[in-house]
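Chemist: Attaching a single structure in structure tokens format; questions to follow.
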């Protein structure tokens, strides 16, 4: 197992840096003393302040009910070193197995929520359910990020982006166009 | 200017293949005979069938009001060859300039909506506003994709993924884990 770099506190208003590019994330939750984790690709940033993230979590997922009941979760950012783990988590159910044990993941206590942080991930965003008005109709949860932790290195984590059909795109070259941006549009 | 590959009809239920990886998109709209286009990074797939996509379109954008009034738009997928155009579109307002003219974009008639297709993009997804219940509170538009067009090549378009601060991640290597997926989980 590789070493996990130390994580720093990160401004919750800037989680778009990691989530806006559209990576696969692992959502961890806890309910009635049991922890679970699921794979999710359907999410979007909704606001900087408060720091809001919308996630479509299908009701067919065991996590759906755990998160709805607890009103909390952690959005964890895995990198390509966890590819097989991400796929394994997405193809099993927390109703049947303990995924932390099965996939050798380390659950660490979060600061502001009961749901655990997944230590092996590059970043962990602690979330509280902010608005449940679209859960019934679209399984769409609006979370407020209340605490963020990000690994000190690497600066550009190699993330996974799901395209369906068992195929992932991985993050590639970084390019800046900062000089072309108007102040306030960055 | 490079040549634009011919586009084929594409199943609306499979637009996740292009949108789930989280690319920057160009949203085109038309209202009162004027067309406009904006840059957007805050979107998510919400459902396969009907084919639903959620987009957070800030009310500060000229397009917000055009799309809300017309109830339509086209989600266009630009590739890295359009990087400077994407940045230019994101740093100007359709209230002040004709962006199609300014950036040399070709507007083509769509099939099911009045909003134009951006010919230079790899894919065009024609959308109708499906649910406006979260627009007032979160500027969140839920669209139904009613017609999709995708370029025949390249098979893996080089997409742009915004991280904030004027910096983009571009799509990288493709990896398959199809053999690890359970039937029905693909």
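Residue numbers (the numbering used here), protein chains in the order written: chain A, 365 to 550; chain B, 365 to 550. Each residue gets a CB set at the ideal place from its N, CA and C atoms; glycine is no exception. The structure presented is a predicted model; accordingly, all values stated were derived computationally and were not measured.
Quick check on residue 390 of chain A: does DSSP put it in helix, strand or coil?
Modeler: Locating residue 390 of chain A in the first chain gives position 26, where the first residue counts as 1. Residue 390 of chain A: strand per DSSP, three-state reduction.
Chemist: Whose Cβ in chain B lies nearer than 9 Å to the Cβ of residue 415 of chain A?
Modeler: On the first chain, residue 415 of chain A is found 51 positions in, with the first residue counted as 1. Scanning chain B for C-beta atoms nearer than 9 Å to the C-beta of residue 415 of chain A yields nothing, as the closest lies near 13 Å away.
Chemist: Which chain B residues sit within Cβ distance under 8 Å of residue 387 of chain A?
Modeler: Within the first chain, residue 387 of chain A is the residue found at index 23, counting from 1. Simply 386.
Chemist: Can you tell me whether DSSP reads residue 535 of chain B as helix, strand or coil?
Modeler: Position 171 of the second chain, counted from the first residue, corresponds to residue 535 of chain B. Residue 535 of chain B: strand per DSSP, three-state reduction.
Chemist: Looking at chain B, is there any beta carbon in it that lies within less than 8 Å of the beta carbon of residue 513 of chain A?
Modeler: In the first chain, counting from the first residue as 1, residue 513 of chain A sits at position 149. Answer no: the Cβ-Cβ gap between residue 513 of chain A and chain B never drops below 8 Å.
Chemist: Mind checking if residue 377 of chain A is an interface residue toward chain B, Cβ cutoff 8 Å exclusive?
Modeler: Here residue 377 of chain A refers to the residue found at position 13 when the first chain is read from its first residue. Not closer than 8 Å to any Cβ of chain B, the Cβ of residue 377 of chain A fails to qualify, so no.
Chemist: Hey, would you say residue 423 of chain A sits closer than 8 Å to residue 503 of chain A, going by beta carbons?
Modeler: Indexing the first chain from 1 puts residue 423 of chain A at position 59. Indexing the first chain from 1 puts residue 503 of chain A at position 139. Their beta carbons are under 8 Å apart, which means residue 423 of chain A touches residue 503 of chain A by this criterion.
Chemist: With residue 450 of chain B and residue 388 of chain B assumed to form a contact (beta carbons below 8 Å), what rounded beta-carbon distance in angstroms separates them?
Modeler: If you number the second chain from 1, residue 450 of chain B lands on position 86. If you number the second chain from 1, residue 388 of chain B lands on position 24. Contact flag correct, Cβ pair sits at about 6 Å.
Chemist: Does the beta-carbon of residue 401 of chain B have 16 or more other beta-carbons within 10 angstroms, so that it is buried, or is it exposed?
Modeler: Working through the second chain from its first residue, we reach residue 401 of chain B at position 37. So residue 401 of chain B counts as buried.
Chemist: So the candidates are B/490, B/506, B/470 and B/368; which of them puts its Cα closest to the Cα of residue 497 of chain B?
Modeler: Along the second chain, one-based indexing puts residue 497 of chain B at 133. Minimum Cα distance to residue 497 of chain B is reached at B/506.
Chemist: From the beta carbon of residue 424 of chain B, is the nearest beta carbon of chain A less than 8 Å away?
Modeler: Mapped onto the second chain, residue 424 of chain B falls at position 60. With 8 Å as the cut-off, residue 424 of chain B does not count as an interface residue toward chain A.
Chemist: Taking residue 454 of chain A as the query, report the chain B residues whose CB atoms sit under 7 Å from its CB, ordered along the chain.
Modeler: Against the first chain, residue 454 of chain A aligns to sequence position 90. Those are 549, listed as they occur along chain B.
Chemist: Whose CA, out of B/526, B/544 and B/545, lies closest to the CA of residue 407 of chain B?
Modeler: Working through the second chain from its first residue, we reach residue 407 of chain B at position 43. Comparing Cα-Cα distances from residue 407 of chain B to each of B/526, B/544 and B/545, the minimum goes to B/526.
Chemist: Just to confirm before moving on: does the CB-CB distance between residue 436 of chain A and residue 477 of chain A stay below 8 Å?
Modeler: As a working note, residue 436 of chain A is residue 72 in the first chain. As a working note, residue 477 of chain A is residue 113 in the first chain. In contact: residue 436 of chain A and residue 477 of chain A (Cβ atoms closer than 8 Å).
Chemist: Given residue 487 of chain A, which residues of its chain have a CB within under 6 Å of its CB, disregarding the five upstream and five downstream residues?
Modeler: As a working mapping, residue 487 of chain A is identified with position 123 in the first chain. Correct list, in chain order: 382, 441 and 514.
Chemist: Which residues of chain B have a Cβ atom closer than 8 Å to the Cβ of residue 458 of chain A, listed in chain order?
Modeler: Reading the first chain from its first residue, position 94 is the one you call residue 458 of chain A. Ordered by position in chain B, no residue passes the 8 Å Cβ test against residue 458 of chain A, which lies about 14 Å from the chain.
Chemist: Candidates B/384, B/429, B/418 and B/420: which alpha carbon is nearest residue 393 of chain B's?
Modeler: The residue you call residue 393 of chain B lines up with position 29 of the second chain. Answer by Cα proximity: B/429.
Chemist: What do you get for residue 465 of chain B, buried or exposed, if any count of 16 or more other CB atoms within 10 angstroms of its CB means buried?
Modeler: In the second chain, residue 465 of chain B corresponds to position 101, counting from 1. Per the 10 Å Cβ criterion, exposed.
Chemist: Given residue 499 of chain B, which residues of its chain have a CB within under 8 Å of its CB, disregarding the five upstream and five downstream residues?
Modeler: Within the second chain, numbered from 1, the residue matching residue 499 of chain B stands at position 135. 432 and 505.
Chemist: Which residue or residues does DSSP assign as beta-bridge partners of residue 418 of chain B?
Modeler: Translated into positions along the second chain, residue 418 of chain B becomes position 54. DSSP lists B/408 and B/506 as partners of residue 418 of chain B.
Chemist: Could you give the first and the last residue of the continuous alpha helix (DSSP H) run that contains residue 448 of chain A?
Modeler: Taking the first chain and counting its residues from 1, one reaches residue 448 of chain A at position 84. Start and end: 447 to 454.
Chemist: According to the Cβ coordinates, are residue 417 of chain B and residue 491 of chain B closer than 8 Å?
Modeler: The residue you call residue 417 of chain B lines up with position 53 of the second chain. The residue you call residue 491 of chain B lines up with position 127 of the second chain. Going by C-beta atoms, residue 417 of chain B is nearer than 8 Å to residue 491 of chain B.
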